[in-house]
Every structure is written in structure tokens, then in C-alpha cells.
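Positions 16 to 652 (my numbering) are the ones given, in order, by the sequence shown.
We put the beta carbon where it would ideally sit given N, CA and C, even for glycine.
Keep in mind it's a predicted model, so treat the numbers as computed, not measured.
Everything on this sheet refers to the single structure shown next.
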Amino acid sequence: MSLRLPHILNNHMVVQHDRPVRLWGWADAGETVTASCLDRTAGTLANTEGRWVLELPAIPAGGPYTITITTGKESLVLNDILSGEVWVCSGQSNMEWITANVNNAQAELAAADYPAIRLFNVVPRRKPAAAPQDDLDADWVACTPKTVGDFSAVGYFFGREIHTTQKVPVGLINSSWGGTTAEVWTEWSFLQDKAIYSTITEPYLKLQGDDDAERVRTRRQLEHWQKVMNWKDPGNRGYLYGWAEPNFDDSAWGEYFVPGMWQTRGMKFNGAVWFRRKITIPSTWAGKDLLITLGALDDFDVTYFNGVEIGSTGEETTGWWMHPRRYTIPASLIKAGETNTITVRIFDWFGNGGFAGGESLAIHNGSESLPIDGPWCHKVEYAFDLDVPPSIARLMNTGAPNTERAPSNLYNGMIAPLVNFPIRGALWYQGESNADRYEQYAQLFPDLIRSWRAAWKQPDMPFYYVQLANWMAPQTDPSEEGWANIREAQDAALQLPNTAVAVAIDVGDANDIHPRDKQSVGHRLAVAARAHIHGEKIEWSGPVFEKFTVEGTKARIHFTHAKGLTTNDGTPPKGFVIRGANTGWHFATTQLDGETVLAWHDKVEKPTTIRYAWANNPAVNLYNSDNLPARPFRTDK
């Protein structure tokens, strides 16, 4: 067997500066393996299976360094190694969301020249697994304007701040998967034999093995429905109908405000939808190739200009649902000074579909831009709406073996191969896919953290997570709960040591589950690390509810982390609801009073219960002087 290392040990990697440098791999059984870096050396023997592991003493932050690994007959040299902070970034689509698709993306990419930040992106070649794996397929690269665009935006903005404030190299490992639940990221022993997880484990166990006729029948039923549910594009009939032609009469089509996802507009289906927009190109732009930017289109698109296809994006593109569309419009197609027609066909096979945004919708001529957001017209070409039997829906949610939906499968395939690699800590952005099981999540999420800490053998490993952002229609009902429950369930993790939450209740988008302000999220995670790990005397949290007292008909609400308590718009605090012993919920009248908030309502004689930001998408404006938002809370837990 040739001397071999896992992919995580490679050129350009960052190792955790205050930990021994752990190296492992494969060689001939019984062979002596030695490693050296600077004046440090270590050796070991490969076991009967050819596996070996050794540790070099920690190397100082900085670099670059060279690590040499040898046997009696061959050697490997790892070049350009840095020593600094290493973080794993994981979760679902909001962690996976790429830097090329955030607010101010072009400027962010242009400025992302940080050779001492290294990126290890598991996402393009990720794989689930039914058993723990010992390797995964990815490469370390330096952070540049070309490499960071396809990397986790939250991870990058966090790492950038740690690098620039601590003056150390930073290694970021992105191992995330959109739409996934927490149980698929949790090691199996933390799920099995616990009654609270029986709805997760029992359907999965029903699919295992071939020795039971019921299991075989169940698996065949699931496989049948998976084929039925795997909607494929049945073909572009709209083009045959002439819907791309500039002179097509679309006066009977419906109006659609772009950007936005059609499932949030009441169009509850997957399929193909066409969009058209008329635009007048300035006469001064004649004879020039132009650039059209459409942001991300979820999932696949074909885009036409004056009836001619100018670009398309399909399954061949990694992360197609969040990939910004930027197509060239040839000068030959442009009618300068006249009306032109833009036509976009979007096919959505899963989840939300439509114009996901993330970049200005415009036509560009150098530094000049012509906006194309706003009212378009639209027509449905295909709509898929299948009534899946509840028993099959439960199995689909659990997932068949070797899929990303099965419990522990992403832990096995995308976390287990990393646990030999010492890290500083983990960043987590997930919860949307568990929102309907929030009571279970209050135990599941802490168990996930425990399972990772056990695997890394770091019982106090820092674990920082993002509380779900505001989403869906703005709150109009003072008794609304919705996503407030899953946010509260997420905060059950704060019972564990060395955890912290980044509140994102103010950076969401009513029409999109993927908010584009990932800069604020990365910053809020970073200040927690800077304060907790690096000992900086900085504020790391927004105001946190402490207690409330009753003063006549008013409630006085006290907070911690409330220095300079203020509102970001100069108006009284928003988002508070109040009730008394014999009244329902009411939106409270409020007033700032030092580092407290007074809340009351004319119909509540004596306040008994207070809630703040307790809704899917509440109106909020309460911050401290460090511009960190108040954390949602309720007093009726």
C-alpha cells in the first residue's frame, strides 16, 4: 500500500495553532512512518490494516511551513502550511449560501484577497453515507476573489473578521447541505434508544436489511414514490408556443413583482413558469455588448433577449439554486432607443422557485445600469401537485439509506472524516427544516452539539449558531407564534457551556427564506468568538431579557447586555405584545427609559405576560449601542 493521506491533510491547509498537529493516513502494515516540521518530529507504526496516526507538537501561529512525512521507501511533502484558527461551518442552505450571492456581492468578491485565509469546501463533492467514513473529497485553497464566490458567505465573513482582528491565519471548512434536518448531522448513538427520537429512528430502521418481507415492501414503496416525486422538466413547450418572441401578446398574463419566490405569492406548486419584461435600451448604448444580471434563479432557467437565448443554468452548475445569473447580451440583438423584450423560463423541482435575488436585477453598460426589477408578467407552463400518502411522506422525510435525509448520514459522510483534525470550534446555521418539530429540536440540537464534541474529544469545544431570521408575512396578529417556537428551541443549546447565539431577527426577507445580509450574521458570530475565546473586552450580544416588574398598569422590562439601549429608527420600541390575567394579547405601547423598556396597553389593567419579537416576521427596532439586536423572548415559558 502506498503512503497516503486523507484529503483534509494537504497543501495549503491551516492547522490549529495551539494543538498538536495530528497526522494520519495509510501505509504498508507494520511500516514505520515519521513526520517532521521545523524542529519537531514524531513517528509511529502502521497497524495490521495499514492505518497510522501520529502527532507533532504544536507549531506557532503563522507560516508558511512544510511538513514532511516519510516511510522507509517513500515520502510526502505538504507545502504552504499555515498555523492559526480552524472552524467548521455547517448546517443547511443559509450556511451553504455562497458569497457570490449576498448583498453588495461584486464589491465583496473584489475585496476578498486574503492569502492567509484558507477554504476547504466539501459542498461540491459532498456525499451522505450509512456508516462513518474516513475521508472526503475536497481541496484547500487560498481565499481570493475567484475562490470565495462559491464558499459559504457566513463562514467567510466570520473568518475574515477573526483573521483581521486576531492577525492569525484562518482555516474554514464548509460542510453543509441545504434543506437538511439536524438529525442527519447527529451521530447515531445520540439518537438510538431515545423515545423522543422514535419518529426519526423507527421509520429509518424499517428500511434496513433484506431479511424481512415488510422491510422489502416498504422500501419498494418508497423507491416508487421517490421516482414519482423526482420531477423532471417535461420539455420547453412555452418556446414552441412562441412565448419567447418579442412580439408575442402577453396582455392576458398575470403581473408578478420581481424579485420574489412564487410559493410565497400563493402559487403553491413546483414546475415551470415564464416571465416577461419590456425595456427600452438607451440609444447611446447602441453597438455594444451588454450584461444582464438576474440574481439567483431557483432552480433552472433559460433566458432570452428579443426571442434569442442568451444563457441558461442547469444541474451542471454547482449550487444552481443560489448561483447568480450573469449573461451577455450581444450587440446584434439590441434595439437601441427602442423597446426590447426580456423573457425568462424558470423550472423549479423542489422547494421555493422564482427570482431569489442576491444581486441587482439590471442591464449594465460598463458603469451604467438600467434596473429591471419591479412588475413583470408571468404565465404557468407546468404545475406539479402530487398528493403523497402520509405514510410515504414520513418515510421520504426520514430518507432511505445512503441519502442525505437519513438520520446520521451526513454526520457519517461529511463530519466523521473531519474529527481527527483539531479545530477551534464550529459554526451552525440550521433549524428551518426542523421548525415543525420544535419541541423535539430543543433536545435534538443540544444532542447534536454533544455528539460533535464527543467525536472531536473536545468536551468544551466552542459551538456558535445563528438563530433563524425573520421570514414570511409581517406580523399582524399579536398572538402569532410560528417560527418563534423554533427560535426558542434553538436557544435550548445555551444550557451547554461555550455556546453562543447570533440573533438575526432583523436581517431577514419576508419573501425569501435566504436573507442576503450574511455580513451581519458573520459579524455577530465573530464578536462572540472574539469575546469568549480571544478575551476581547467587547460586547458580543444584543439585549437579553432579564426580568420585568409591574408599576401600576405598566410593565418595566429589564435586560442584560443593554448598554446604550436604543432603537435604530428613533421611534419607540416595536415588537412587544402584552396581556393581563383576563385579557388577550395586545400590541404594547412602549417607551425607552434608560436601559429598560416600559410597556402597557389601555385594555390591560395589570400586565402578567410579555413577549418580544414572538412571530415569524415581527417588526423590531431594539438594539444596544453596539448595534446588536435584542433577542426574542417570552415570559410565559
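One thing to note: G372 has its Cβ within 8 Å of the Cβ of A311. Under the 10 Å beta carbon count, T299 is surrounded by fewer than 16 other beta carbons and is classified as exposed. Just so you know, the alpha carbons of F272 and E620 end up roughly 45 Å apart.
Residue V138 holds the alpha-carbon nearest to the alpha-carbon of S167 among T611, T650 and V138. If you draw a 10 Å sphere on the C-beta of L255, you find fewer than 16 other C-beta atoms in it, and that means exposed.
The shortest CA-to-CA distance from A596 to any of D651, E554 and S98 is the one to D651. Its chain contains W615, V619, E620, K621 and P622 as the residues whose beta carbon lies nearer than 8 Å to that of T568, once the 5 sequence neighbours on both sides are disregarded; these appear in chain order.
Straight across, the Cα-Cα distance linking L637 with M28 is about 41 Å.
Looking at the DSSP output, V36 sits in a beta bridge with L71. Only residues of its own chain outside the window of five on either side were considered, and among them H32, S98, G99 and V183 have a CB closer than 6 Å to the CB of A76, listed in chain order. Judged by DSSP in its simplified three-state form, W277 adopts helix.
It is roughly 20 Å from the alpha-carbon of W629 to the alpha-carbon of V536. For W467, DSSP records no beta bridge to any residue. The Cβ neighbour count for E123, taken over all protein chains shown within 10 Å, is at least 16; the residue is labelled buried. If you draw a straight line from the Cα of T624 to the Cα of P558, it is about 18 Å long. Taking all protein chains in view, the Cβ of T343 is surrounded by fewer than 16 other Cβ atoms within 10 Å, so the residue is classified as exposed.
A check of alpha carbon separations from D264 across P274, G389, A351 and F290 identifies F290 as the nearest. Our two residues, P249 and H239, have alpha carbons roughly 19 Å apart in a direct line. The stretch 153-171 and the stretch 379-388 do not touch, with fewer than three beta-carbon pairs separated by less than 8 Å.
Shown here, S347 sits in a helix according to DSSP, grouped into three states. With fewer than 16 other CB atoms across the displayed protein chains lying within 10 angstroms of its CB, N62 is exposed. Residue burial annotation: R531 is buried, with at least 16 other C-beta atoms found within 10 angstroms of its C-beta. Taking a contact as a CB-CB distance under 8 Å, the pair F602 and P493 counts as one, their CB atoms being some 5 Å apart. The residue from M429, A577 and D527 with its alpha-carbon nearest to that of R280 is D527.
Scanning its chain for C-beta atoms nearer than 8 Å, with the 5 sequence neighbours on each side dropped, one finds around A125 the residues P160, in chain order. Separation of L483 and I113 (C-alpha to C-alpha, rounded to the nearest whole angstrom) is 18 Å.
For W336, the secondary structure class from DSSP, reduced to helix, strand or coil, is helix. According to the DSSP assignment, F172 belongs to the alpha helix (DSSP H) that extends over A168 to Q181. By the C-beta criterion, the stretch 183-202 is judged to be in contact with the stretch 129-146, since at least 3 inter-stretch pairs fall below 8 Å. Around W391, the same chain offers Y271, V273, F290, R291 and R292 as residues with beta carbons nearer than 7 Å, after the five sequence neighbours per side are excluded. Secondary-structure assignment with DSSP links R66 through a beta bridge to W41. Closest in C-alpha terms to A469, from the list T49, Y129, T180 and T201, comes T201. Distance between I325 and Y319, taken at the CA atoms: about 5 Å.
Looking from the CA of R646, the closest CA among N632, Y627 and A634 belongs to Y627. Closest by C-alpha distance to L306, out of V323, W277 and R341, is R341. In the structure shown, the three-state DSSP call for P130 is strand.
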